[in-house]
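In the working numbering, the protein residues as written are 2 to 91.
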C-alpha cells in the first residue's frame, strides 16, 4: 500500500472502532456517538479520496457494477468452476 492509503485506512479503522465502541455502550451517549459519526464520515471521505486519486476508481463503498454485469460474472465464475471440477475428476 502507499503511505497515503495506509494512513487513510488506519484512520478509517480507528474511526469505525471508536463509533462502534460508543454505539455499544449502555446507555448510548447520543452526543458522543454523533461526534464519532462525523469523524467516521470524514475518515470515509478521506479514504475514498485517496483511493480515487491513486487508482482512478470511484467510491469503493458503492457498487460500481450494474446487476447485469454482476450476473454475467457469476455465471462465468460458475462455468469456470464446473470446468475445473470436470478436469479434476478426469
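Backbone N, C-alpha and C fix where the C-beta goes; we use that ideal spot for every residue, glycine too.
Item: Reduced DSSP secondary structure (H/G/I, E/B, other) of residue 83; Value: helix
Item: Host alpha helix (DSSP H) of residue 31 (start-end); Value: 31–56
Item: Any 3 or more C-beta pairs closer than 8 Å across the stretch 6–15 and the stretch 39–50; Value: yes
Item: Chain-order list of residues whose beta-carbon lies under 7 Å from that of residue 48 (same chain, five-residue window excluded); Value: 9, 10 and 13
Item: Three-state secondary structure assigned by DSSP to residue 26; Value: coil
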